[in-house]
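Have a look at the structure below before the remarks.
Numbering (the numbering used here), first residue to last: 257 to 584.
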């Protein structure tokens, strides 16, 4: 019996609440409920979903709902944000991974993805909320999305971290072709003339080898820059108008503009001349010593003048203490 109670206590401790009881003046209405997984459960698992809750809050205005997903890291939260972004959403200029839609807001920061329904908070309110979330970890985001070209269709970005997300978002590639076993990650987005897939490999040698293999993908154009390999795949079939030849040419030009940006730290020699600096330092020492001597000499003159003036006015003056060392 005691063992059963202990196991239940440990399970309750491990499943700590995600959403706080209050956010500024907003108070949670009742306990938070566990969020039922919607969409591909395997993709959520691959993105590192640990726990998700939904709850209703009420403050000065009408109640609104918050759903929070706690992921394993910032990469998983960003990938889930791209996947769950509503079609009618517009970006928030001051936040990199936040969008507003007509009746709410979706934002990702650190290892959390949060959705508001019935309320659109300001950026400052969002920062306070994220800091209050249980187990919030603020870590840097991957740089791969920054290589996406302009002119892409908003809301079509998808991040691939494993086999499940690859099968759902880029079914044209197999895990072996993409190089997932080598630690590669992919960023996908839709252009008018096709789909851009950017893959980053650990080094240039692997990228060069994998590019040769990716050139065999049906209908794909490839481009490599450093450890990056970019593909232009045919546009996904939809009810919209098919891309024109001009759209295709524009997409091909965007493909060729993807270039790897390396951050290099170089240790440079001190441009200052050491001999001249040493001579200047010694000269400054003499100047400082001279200034101190002048201050001491001036202070002595002031004290002497005060004693002389005091004696002329009939004062006895202050007797100085003498050691008389010569008598010893």
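C-beta: ideal position from N, C-alpha, C; glycine also.
Closest Cβ-Cβ distance between residue i and chain C: below 9 Å?
{"i": "residue 483", "result": "Absence of chain C from the displayed structure is noted, only one protein chain being present."}
Enumerate in chain order the residues of its own chain whose CB-to-CB distance from residue i is below 6 Å, with the five nearest sequence positions on each side excluded.
{"i": "residue 486", "result": "454, 479, 511, 514"}
{"i": "residue 370", "result": "324, 363"}
{"i": "residue 407", "result": "none"}
{"i": "residue 564", "result": "none"}
{"i": "residue 436", "result": "none"}
{"i": "residue 308", "result": "291, 325"}
{"i": "residue 285", "result": "312, 314"}
{"i": "residue 394", "result": "366"}
{"i": "residue 403", "result": "454, 514"}
{"i": "residue 476", "result": "487, 489"}
Leaving out the 5 sequence neighbours to the left and right, which residues in its chain are closer than 7 Å to residue i when beta-carbon positions are compared?
{"i": "residue 459", "result": "483"}
{"i": "residue 302", "result": "417, 418, 420, 421"}
{"i": "residue 356", "result": "345, 346, 348, 376"}
{"i": "residue 281", "result": "315, 316"}
{"i": "residue 503", "result": "448, 449"}
{"i": "residue 405", "result": "452, 510, 513, 514"}
{"i": "residue 569", "result": "none"}
{"i": "residue 434", "result": "422, 440, 442, 455"}
{"i": "residue 358", "result": "344"}
{"i": "residue 500", "result": "none"}
Look at residue i and residue j and say whether their C-beta atoms are less than 9 Å apart.
{"i": "residue 441", "j": "residue 473", "result": "no"}
{"i": "residue 367", "j": "residue 343", "result": "no"}
{"i": "residue 429", "j": "residue 470", "result": "yes"}
{"i": "residue 391", "j": "residue 274", "result": "yes"}
{"i": "residue 341", "j": "residue 400", "result": "no"}
{"i": "residue 372", "j": "residue 322", "result": "yes"}
{"i": "residue 382", "j": "residue 354", "result": "yes"}
{"i": "residue 412", "j": "residue 444", "result": "yes"}
{"i": "residue 452", "j": "residue 488", "result": "yes"}
{"i": "residue 351", "j": "residue 327", "result": "no"}
{"i": "residue 498", "j": "residue 414", "result": "no"}
{"i": "residue 279", "j": "residue 384", "result": "yes"}
{"i": "residue 319", "j": "residue 374", "result": "yes"}
I want to check one thing, is the minimum distance from the CB of residue i to the heavy atoms of the ligand FAD below 8 Å?
{"i": "residue 382", "result": "Ligands in the displayed structure: none, and consequently the ligand FAD is not present."}
Could you check if residue i is buried or exposed, using at least 16 other CB atoms within 10 Å of its CB as the buried criterion?
{"i": "residue 332", "result": "buried"}
{"i": "residue 425", "result": "buried"}
{"i": "residue 516", "result": "exposed"}
{"i": "residue 491", "result": "buried"}
{"i": "residue 543", "result": "exposed"}
{"i": "residue 466", "result": "buried"}
{"i": "residue 567", "result": "exposed"}
{"i": "residue 553", "result": "exposed"}
{"i": "residue 549", "result": "exposed"}
{"i": "residue 360", "result": "buried"}
{"i": "residue 536", "result": "exposed"}
{"i": "residue 534", "result": "exposed"}
{"i": "residue 289", "result": "exposed"}
{"i": "residue 389", "result": "buried"}
Going by beta carbon distance, what residues of the same chain come within less than 8 Å of residue i, once the five residues before and after it are set aside?
{"i": "residue 283", "result": "277, 313, 314, 315"}
{"i": "residue 269", "result": "Because the pLDDT at residue 269 is just 34, under 50, the model does not fix this residue reliably, and the value given afterwards should be weighed accordingly. Here the set comprises nothing."}
{"i": "residue 267", "result": "In this prediction, residue 267 has a pLDDT of 37, which is less than 50 and means its spatial position is unreliable; nothing more can be read from the coordinates."}
{"i": "residue 258", "result": "Bear in mind that the predicted position of residue 258 carries a pLDDT of just 32, short of 50, making it too unreliable to give a figure here."}
{"i": "residue 427", "result": "none"}
{"i": "residue 464", "result": "480"}
{"i": "residue 296", "result": "420, 424"}
I'd like the span of the alpha helix (DSSP H) that includes residue i, first residue to last.
{"i": "residue 299", "result": "297-302"}
{"i": "residue 307", "result": "Careful: residue 307 lies outside any alpha helix (DSSP H), inside the beta strand (DSSP E) at 305-314."}
{"i": "residue 382", "result": "379-388"}
{"i": "residue 507", "result": "501-512"}
{"i": "residue 339", "result": "330-340"}
{"i": "residue 400", "result": "Unbroken run through residue 400: none, as it is neither H nor E."}
{"i": "residue 320", "result": "Residue 320 -> not in any alpha helix (DSSP H); beta strand (DSSP E) instead, spanning 320-327."}
{"i": "residue 437", "result": "Where residue 437 is concerned, there is no enclosing alpha helix (DSSP H), given that its DSSP letter is neither H nor E."}
{"i": "residue 421", "result": "419-425"}
{"i": "residue 461", "result": "460-470"}
Beta strand (DSSP E) containing residue i: first to last residue?
{"i": "residue 281", "result": "Segment: none, residue 281 is in no beta strand (DSSP E) and carries neither H nor E."}
{"i": "residue 373", "result": "368-373"}
{"i": "residue 450", "result": "450-456"}
{"i": "residue 515", "result": "That residue, residue 515, is in no beta strand (DSSP E); it is neither H nor E in DSSP."}
{"i": "residue 356", "result": "354-357"}
{"i": "residue 363", "result": "360-365"}
{"i": "residue 288", "result": "No beta strand (DSSP E) contains residue 288, which DSSP labels as neither H nor E."}
> Does the segment 501-509 come close enough to the segment 444-453 to have 3 or more Cβ pairs within less than 8 Å?
Replying inline: Yes, they touch.
> Is it a yes or a no for the segment 333-346 touching the segment 310-321, going by three-plus beta-carbon pairs under 8 Å?
Replying inline: For the pair of segments examined, the segment 333-346 was found not to touch the segment 310-321: the number of CB pairs separated by less than 8 Å stays below three.
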